[in-house]
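Under this note's numbering, think of the first position of the sequence shown as 105, with each following residue one higher.
C-beta atoms are modelled at their ideal positions from N, C-alpha and C, and glycine is treated no differently.
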Amino acid sequence: MSSILIIEQILNGLQFGVMLFLMAAGLTLIFGVMGLINLAHGSLYMIGAFAAAAVAGVTGSFLLALIAALAAAALAGAIVEMVVIRRLYSAPHLDQVLATFALILIFSEGTRWLFGSFPLFLDIPDALSGPVTLPGGIEYPFYRLTLIGIGLAVAVGLWALIERTRLGIQIRAGENDREMIAALGVDISKLYTLVFALGAALAGLAGALVGAIQSVQVGMGEPVLILAFVVIVIGGIGSVRGALIGALLVGLTDTLGGVFLPELFKLFMENGAAQKTGSALASMGIYVLMGLVLIWRPTGLFGARA
């Protein structure tokens with residue numbers, strides 16, 4: 105197996121990982137600050153993708169499509185928080201799960217009603233299309249490299265927001281003691297709405313960016329949501345740094361396992377059986393990774409120790 109293929113698959117894993125980070129970062133903020141299990145986070149990813157595809161189809165501008173995705177997902181998140189989620193903060197987790205599952209059904213049917221059941225397609229902009237030559241003569245899609253750069257830039261910006269700004273101080277304080285910051289004069293309701301909208305915007309951005317390399321369709325957010333939960337369990341609930349490291353580990357494990365395990369099993373069995381067995385084990389790989397991390401550190405890599 106060539107070194108060029110290995111490097112290409114590592115880059116694919118990084119690209120997948122940073123997109124998972126955009127989902128997981130919003131999810132871990134919402135869960136860490138509010139203590140809320142939000143199963144509808146994948147629907148916000150879908151809303152961002154559909155908003156981007158619709159605006160790009162009308163205007164032809166990929167930049168306007170990204171802005172529309174951020175705005176639509178953030179607005180949907182803010183409305184959901186004020187109308188539904190605000191009533192669930194003190195409710196048992198089962199009530200949160202049932203309510204946010206109902207939101208999945210509402211968003212899915214509403215999107216199908218607006219856009220139909222057929223997938224939409226979002227074209228890669230001309231400026232980002234085509235391959236770029238990396239050191240060693242490796243040709244890799246420029247758009248995928250751009251996704252890696254955007255994801256890492258968002259990670260740095262989110263870290264700076266949380267660690268270096270007044271809003272970040274309030275978010276971290278709200279995670280630790282919401283009653284105290286409310287007593288100090290912070291409007292906890294506005295803070296929660298802002299955090300929820302920020303998390304939704306990150307999910308919408310991920311949906312729009314990924315929508316250019318796969319079809320945009322109803323229900324596209326749920327498989328990604330499952331992986332995002334795996335990411336925050338590995339990284340540690342409430343930790344943005346943990347979300348980034350966990351997302352990269354999951355992305356690399358899933359991508360490299362899907363490519364190299366079938367090749368390994370070809371040494372012992374026929375091509376068809378090797379492909380099936382290797383793909384099945386690769387799908388299990390991320391959950392094996394999660395189990396190993398939890399055995400070593402039950403709160404995740406960067407979660408607070410009990």
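Classification of residue i by the beta-carbon crowding that lies within 10 angstroms, buried from 16 upward
i: V187; result: exposed
i: A158; result: buried
i: P245; result: buried
i: S106; result: exposed
i: E112; result: buried
i: H145; result: buried
i: T215; result: buried
i: V337; result: buried
i: G289; result: exposed
Beta-carbon contacts of residue i that lie in its chain and below 6 Å, excluding the five residues immediately before and after
i: L385; result: L365
i: Y247; result: I228 and L232
i: F205; result: L143
i: L207; result: A144
i: V314; result: M123
i: F120; result: G355 and T359
8 Å CB neighbourhood of residue i in its chain, flanking five on each side removed
i: G407; result: G339, G340, I341, G342, S343, G346 and R401
i: S319; result: P223, L224 and F225
i: A377; result: F369
i: D199; result: L192
i: V292; result: Note that residue 292 is Ile in the sequence shown, not Val. For I292, where only same-chain residues beyond five positions count, the Cβ hits under 8 Å are G278, R282, I285 and A286.
i: A259; result: V122, F125, A129, V344 and L348
i: S263; result: Note on residue identity: the sequence assigns Trp, not Ser, to residue 263. Around W263: V344 and R345.
Own chain residues within Cβ distance below 7 Å of residue i, not counting five before or after
i: L256; result: V122
i: A312; result: G152, A153, A156, A169, L170 and A173
i: Q379; result: P366
i: A410; result: Low confidence applies here, because A410 scores a pLDDT of 45, under 50, leaving its location unreliable and the question unanswered by this model.
Through-space distance from residue j to residue i, alpha-carbon basis
i: A357; j: A175; result: Per the sequence shown, the amino acid found at residue 357 is Thr instead of Ala. If I take the Cα positions, the gap works out to 32 Å.
i: I189; j: L295; result: 13 Å
i: A155; j: F372; result: 47 Å
i: A177; j: G308; result: 5 Å
i: E374; j: V397; result: 33 Å
i: I114; j: Y149; result: 25 Å
i: Q321; j: F333; result: 21 Å
i: L331; j: D230; result: 31 Å
i: H197; j: L353; result: 28 Å
i: G217; j: G161; result: With the sequence shown as reference, residue 217 is identified as Trp, and Gly is not the correct amino acid for it. Each residue's alpha carbon lies about 18 Å from the other.
i: I110; j: G117; result: 10 Å
i: M394; j: G240; result: 34 Å
i: I273; j: E185; result: 21 Å
i: I275; j: E243; result: 42 Å
i: A203; j: F219; result: 24 Å
i: L251; j: A310; result: 9 Å
i: I134; j: T269; result: 18 Å
Residue i - partner residues in DSSP beta bridges
i: V236; result: Y244
i: V320; result: L224
Near the ligand PLP: residue i beta-carbon under 6 Å from a heavy atom
i: G272; result: As far as ligands go, the structure on display features none, and thus does not contain the ligand PLP.
message: Can you confirm whether the region 336 to 354 touches the region 166 to 174 when touching is taken to mean that 3 or more C-beta pairs between the two stretches lie within less than 8 Å?
response: no
query: Between the region 304 to 324 and the region 176 to 185, do at least 3 Cβ pairs fall closer than 8 Å?
result: yes
- request: Determine, using beta-carbon pairs with one atom in the region 135 to 144 and one in the region 291 to 299, whether at least three such pairs fall under 8 Å.
  value: yes
field: Stretch pair the region 352 to 371 + the region 387 to 398: three plus CB contacts closer than 8 Å
entry: yes
task: Would you check if the region 318 to 328 and the region 206 to 224 touch, i.e. whether three or more CB-CB distances between them fall below 8 Å?
output: yes
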